[in-house]
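Enquirer:
There are 2 protein chains.
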Amino acid sequence: MSGQQTRQWILANPPTKDPILSGPNATFNLETTTLPSPGANQVLVKTLYLSNDPAQRAWIQLNTDPARLYTTPVTKGEVMRAFGVCEVVESNAPNLKPGQLVSCVPGWSEYAVLDAKDCRPIQPDEKAGIRPTHFIGALGGPGLTAYYGLVDVVRAQPEDAVVVSGAAGATGNMVVQIAKHIVGCRRVIGIAGGEAKCRWVESLGADICVDYKAPDFKEQLWKATEGFVEIYFDNVGGDILDLMLKRVKRFGRIAACGAIARYNDPEAGGLKNWMEIIVNRIEVRGFIVTDAITAGKSGPMVQKIVEKIKEGKIKIGEDSETVVPTRFEDVPKTWRMLFEGGNQGKLVTEIKG
Amino acid sequence: MSGQQTRQWILANPPTKDPILSGPNATFNLETTTLPSPGANQVLVKTLYLSNDPAQRAWIQLNTDPARLYTTPVTKGEVMRAFGVCEVVESNAPNLKPGQLVSCVPGWSEYAVLDAKDCRPIQPDEKAGIRPTHFIGALGGPGLTAYYGLVDVVRAQPEDAVVVSGAAGATGNMVVQIAKHIVGCRRVIGIAGGEAKCRWVESLGADICVDYKAPDFKEQLWKATEGFVEIYFDNVGGDILDLMLKRVKRFGRIAACGAIARYNDPEAGGLKNWMEIIVNRIEVRGFIVTDAITAGKSGPMVQKIVEKIKEGKIKIGEDSETVVPTRFEDVPKTWRMLFEGGNQGKLVTEIKG
């Protein structure tokens, strides 16, 4: 069989600020190519869903010392990297039959040839409400990030009050739920953008969720964190982090997970409140979920989460995903919704032609 | 005996930026008062030396939530607080005879009446080169801060390379020496202002000391930290901290000790490189030395330092102090040298009339 033809989005111009979606300086270019036939222990897969992750923005940043990156960057001319859920179309690997769904890294490509070892077979479970997309969401990177960050990195305990920013995001909503339903934290406070998202975060178990778009956001946040909090799980960085430095309790802890507020503009206003870290003896820990995965921790974490889903405690219903049916030529557009607060829960691109 | 007359510097106008030394908005006012006679278990002391500490700037900052301060602030109308070395003049306490030198908190006052329990008798040891001023320097707050921060807070080990900013300061020079001569760190890199200070820091054992005033400071720092470093001991905050976030190794640690670069201007440029904490899984720990003292750790720490002084490893010679003979009316002026980089080693005010 000859190679499969596919369209791919290629990184054409690594951006320094907002990604540019069209014109001569467009960040990505749509190209068509013919893939090689899969070799021994390789498979040809068809992309069904693409994962949209804030981290992808970091993978394409210009002017970053490669020694400081946590993963190989995507360089000019390469296919844009992305996690996804794919279906095996053709297989030279004994463990993967055609039709099998896998979680893998197809990139922004309709089809991809991958090593079988990089494709994790997944088993959706309709009765338990576990859909294929959950393997790039609640049971994938975001869910593991939430669990690892909260439980391992900042060692949340039942006596802790926890603030979570980006609480309506893919990771944030899982932090809220894990804090409440697995750790049993005494108080869980979300920060999200807009009334609807805040009410949704509260429906997941947050004691309160504060709307950062509200004109009196700071007052609301101060009230919600009266007496200060032991833990801040930071998904956003920027101004909200700066405020939270003033609301973490003496000897409190910060899980530094993400900084989406600055990904498109690293030169925007810097942090002013570092002194709080000193005076209040705050512990800050940066982390990347791949460390947990490499250390073989993901299995037991996923198991815990699945357990709570089956008990009906952790909710992964349709409102915990924003699945956007997307023509392949609009893949970058859907991805960019991440930076516009366009999603509730996991932002998933469903490839539709 | 009737009360002792004394001059005192009173906090008149808490500053928001640089302290103001004269004029109608002066930060401090010189006043004369008569002290009460010492009561039971109290002493009258005469101030010989005043300690100048960057932390004093934080004690008088306006607009800070008292719940976030690590110590009671000095409020308008109170005597400016300061550590010092005093001589007991009159005593109603059995353990303190007139003539005894004590380490205490006299404030900016020629004389003070203090509870005996707040006066720690000190024993200078001329043969070992231990002078009275060392009890507010190498064997006082700065020495303990250096030891606690490096050994307890960021757990320095022989296999670690350490960068220390403010390396020619009271705390910084002790961090350099403790890193080299007590922990035995593989590499110790200082950052200080000016050629003379840098060469002095190297004479204390630093493998290299980089001059932040040099036009090619960044290049020099990058070269000195090739391969990155495990630990950064931060005494200065601001731009140097921002640079160092890019030079701490993956899974490295930062001891957040001070931020003198911003004390007089908290609104100056904020930190831009927080992302490094995430991507490189950096651990940041703020700390305050009083925690170590309260926990009863200071005795063994001082003992370790004295041991190394007697072995000739840790140097506390006259070049490790800037003792400024000061008329009492110039006490604030001498203090302000701290913020101008005016001192090498501990900045001590010697009261001279």
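Respectively, the protein sequence lines represent chains A and B. If you read the first sequence in our numbering, its first letter stands for residue 6, the second for the next number, and so on. If you read the second sequence in our numbering, its first letter stands for residue 6, the second for the next number, and so on. Just so it is clear, CB atoms sit at the ideal spot from N, CA and C, and this is done for glycine as well. All values derive from a computational prediction rather than experimental measurement.
#1: Three-state secondary structure (DSSP) at A/Lys313?
#2: Is the shortest distance between the beta-carbon of A/Arg73 and the beta-carbons of chain B less than 9 Å?
#3: If B/Val167 and B/Ile245 are in contact, beta carbons under 8 Å, what's the gap, nearest whole angstrom?
#4: Just to confirm, is the Cβ distance from B/Thr80 to B/Pro19 under 9 Å?
#5: I think B/Val48 touches B/Ser96, with their Cβ atoms under 8 Å apart; what is that distance to the nearest whole Å?
#6: Give me the chain B residues within the contact set of A/Glu95, using Cβ-Cβ distance strictly less than 8 Å, ordered along the chain.
#7: Which residue wins for smallest C-alpha separation from B/Glu272, given the options A/Met179, A/Thr37 and A/Met280?
#8: In whole angstroms, what separates the C-alpha of A/Lys277 from that of A/Lys318?
#9: Check distances from the C-beta atoms of the stretch 282-298 of chain B to those of chain A and list, in chain order, the residues that come in under 8 Å.
#10: Please classify B/Asp120: does DSSP put it in a helix, a strand, or coil?
#11: Could you work out which residue in A/Ala211, A/Asp296 and A/Met342 is closest to A/Gly146 when comparing CA atoms only?
#12: DSSP has A/Cys91 in a bridge; who is on the other side?
#13: Thinking C-alpha only, which one of A/Tyr75, A/Tyr54, A/Val94 and A/Ala63 is nearest A/Pro43?
#14: How about B/Pro271: is its C-beta nearer than 9 Å to some C-beta of chain A?
#15: Kindly give me the distance between the Cβ atoms of B/Val50 and B/Cys91, rounded to whole angstroms, as I take these residues to be in contact under 8 Å.
#16: Based on DSSP bridge pairs, tell me the residues matched to B/Phe238.
#17: Starting from the beta carbon of B/Leu276, find every residue of chain A whose beta carbon is closer than 7 Å, and list them in chain order.
#18: Grab the span of the alpha helix (DSSP H) containing B/Cys203 for me, first residue to last.
#19: Could you please give the first and the last residue of the uninterrupted alpha helix (DSSP H) stretch that includes A/Asp247?
#20: Return the Cβ separation of B/Val181 and B/Leu149 in integer angstroms, given the expectation that the two are a contact with Cβ distance under 8 Å.
#21: Please list, in chain order, the chain A residues whose beta carbon lies closer than 9 Å to that of B/Gly242.
#22: Under 8 Å between beta-carbons, which chain A residues line up against B/Gly263? List them in chain order, please.
#23: Under 9 Å Cβ-Cβ, which residues of chain B neighbour A/Lys357?
#24: Any contact between the stretch 282-302 of chain B and the stretch 323-334 of chain B? By contact I mean 3 or more CB pairs, one from each, below 8 Å.
#25: What residues of chain B sit near A/Lys251, judged by a beta carbon separation below 9 Å?
#26: Report the CB separation of A/Leu343 from A/Asn57 in whole angstroms; it is logged as a contact under 8 Å.
#27: I need the boundaries of the beta strand (DSSP E) containing A/Gly154, first residue and last residue.
#28: Report all residues from its chain with a CB closer than 8 Å to the CB of B/Val353; omit the five preceding and five following residues, and keep chain order.
#29: Can you find a C-beta in chain C that's less than 9 Å from the C-beta of A/Asp247?
#30: State yes or no: is the C-beta of B/Gln13 within less than 9 Å of the C-beta of B/Thr38?
#31: Would the beta-carbon of A/Gly89 fall within 9 Å of that of A/Gly104?
#32: Which residues does DSSP list as the beta-bridge partners of A/Thr38?
#33: Counting only beta-carbon separations shorter than 9 Å, does B/Arg267 have a partner in chain A?
#34: With DSSP run on the structure shown, which of helix, strand or coil describes B/Gly291?
Expert: The relevant details are as follows:
#1: Collapsing the DSSP output to three states places A/Lys313 in a helix.
#2: A/Arg73 counts as touching chain B.
#3: In fact, because the Cβ distance is near 15 Å, the residues do not count as touching under 8 Å.
#4: yes
#5: 5 Å
#6: By Cβ distance, chain B contributes nothing, its closest Cβ being about 37 Å from A/Glu95, past 8 Å.
#7: Measuring from the Cα of B/Glu272, the nearest candidate turns out to be A/Met280.
#8: 39 Å
#9: Of all residues in the stretch 282-298 of chain B, Ile282, Ile283, Val284, Asn285, Arg286, Ile287, Glu288, Val289, Arg290, Gly291, Phe292, Ile293 and Asp296 have a Cβ within less than 8 Å of some Cβ in chain A.
#10: In the structure shown, B/Asp120 sits in a strand (DSSP, three-state: E or B).
#11: A/Asp296
#12: A/Thr52 and A/Val107
#13: A/Val94
#14: Taking Cβ atoms only, chain A reaches closer than 9 Å to B/Pro271, which makes this a yes.
#15: With a Cβ gap of about 4 Å, B/Val50 and B/Cys91 count as contacting.
#16: B/Val169 and B/Ala260
#17: Gly275, Leu276 and Trp279
#18: Glu200 to Ser208
#19: Gly243 to Met249
#20: About 15 Å; that fails the 8 Å criterion.
#21: Ordered by position in chain A, the residues that pass the 9 Å Cβ test against B/Gly242 are Trp279, Met280 and Ile283.
#22: Ile283
#23: The contacting residues do not exist; A/Lys357 stays about 34 Å from chain B at best.
#24: no
#25: Asp70 and Arg73
#26: 5 Å
#27: Run containing A/Gly154: none; DSSP gives neither H nor E here.
#28: Excluding sequence neighbours, B/Val353 sits near Tyr54, Leu55, Ser56, Asn57, Thr138, Ile141, Gly142, Glu326, Thr327, Val328 and Val329.
#29: Of the protein chains in the structure, A and B, none is chain C.
#30: yes
#31: no
#32: Bridge partners of A/Thr38: A/Thr11.
#33: Judged by the 9 Å Cβ criterion, B/Arg267 is in contact with chain A.
#34: DSSP, read as helix, strand or coil, puts B/Gly291 in strand.
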